[in-house]
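S.K.: Our numbering applies: residue 201 is where the sequence shown begins, and numbers increase by one.
Quick one: this structure, given as C-alpha cells, is what I'll be asking you about.
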Amino acid sequence: MTPATPPRERHVPVLGLTVTVLVAAILLLLGRYALLFLGATEGDVPPAAAIPLPAGSAVVGESAECASGGCWLVVSVRPPDGTTPEELERALGTDPQVRLLGDLWDPRTIRLGSDVRGPLLELRADYWSSAPSP
Numbered sequence: 201m202t203p204a205t206p207p208r209e210r211h212v213p214v215l216g217l218t219v220t221v222l223v224a225a226i227l228l229l230l231g232r233y234a235l236l237f238l239g240a241t242e243g244d245v246p247p248a249a250a251i252p253l254p255a256g257s258a259v260v261g262e263s264a265e266c267a268s269g270g271c272w273l274v275v276s277v278r279p280p281d282g283t284t285p286e287e288l289e290r291a292l293g294t295d296p297q298v299r300l301l302g303d304l305w306d307p308r309t310i311r312l313g314s315d316v317r318g319p320l321l322e323l324r325a326d327y328w329s330s331a332p333s334p
C-alpha cells in the first residue's frame, strides 16, 4: 500500500502552473506596452470604439486626417433621439476638450474634442494634441 500524498504536496503543481501563466501574461502585456510606446508615430489614431458614446448614438462617418502636427480620427455622430448635438457635446465633456484615460489593453490617453455640424456632432480624437490653454 502506498502512503497517501499529503494535501500540501498536491497543490504544488497547480501553484507552479498558476505562477507560470501569470508571469507569462505579465511579460506579454509588458511587450505589448513596449510595442505601443516604442513604435508610436504621429500617424497613430485611436479606434472609434474607444469613444464612449451614449446608447442611441449612431456613427454616420469616420475618417483619419493628418497635418503637420500628426493625425487624428474624425467621427461624425448622430445624437440619440430627443438629444441635440449640443447636449451630446456637454454629456461627453468635449467643449473644448476632454482626456480619456487608456485601459489595460491600450494605456495611451486619448484627447477628444468636438464641433457641432448641423444635426451631427463631429468628434476629433488623437493621442498627440496638448491640453488647450485657459
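Glycine included, C-beta positions come from ideal geometry on N, C-alpha and C.
In this text, all values refer to a predicted model and were calculated from it rather than measured experimentally.
Can you pull the DSSP bridge partners for residue 261?
M.R.: 276
S.K.: To the nearest angstrom, report how far apart residue 321 and residue 249 are at their CA atoms.
M.R.: 16 Å
S.K.: So residue 253 is in the alpha helix (DSSP H); what residue range does that whole segment cover?
M.R.: Neither: residue 253 is in no alpha helix (DSSP H) and is coded neither H nor E.
S.K.: Helix, strand or coil, according to DSSP, for residue 289 in the structure here?
M.R.: helix
S.K.: In three-state DSSP terms, what is residue 214?
M.R.: It is helical.
S.K.: Look at the alpha carbon of residue 264 and the alpha carbon of residue 232, and state the distance between them as a whole number of angstroms.
M.R.: 23 Å
S.K.: Throw me the rounded Cβ distance for the residue 306 and residue 271 pair, which I believe falls under 8 Å.
M.R.: Going by Cβ atoms, the distance from residue 306 to residue 271 rounds to 16 Å, so no, they are not a contact pair.
S.K.: So what's residue 301 in DSSP terms, helix, strand or just coil?
M.R.: Coil at residue 301, not helix or strand.
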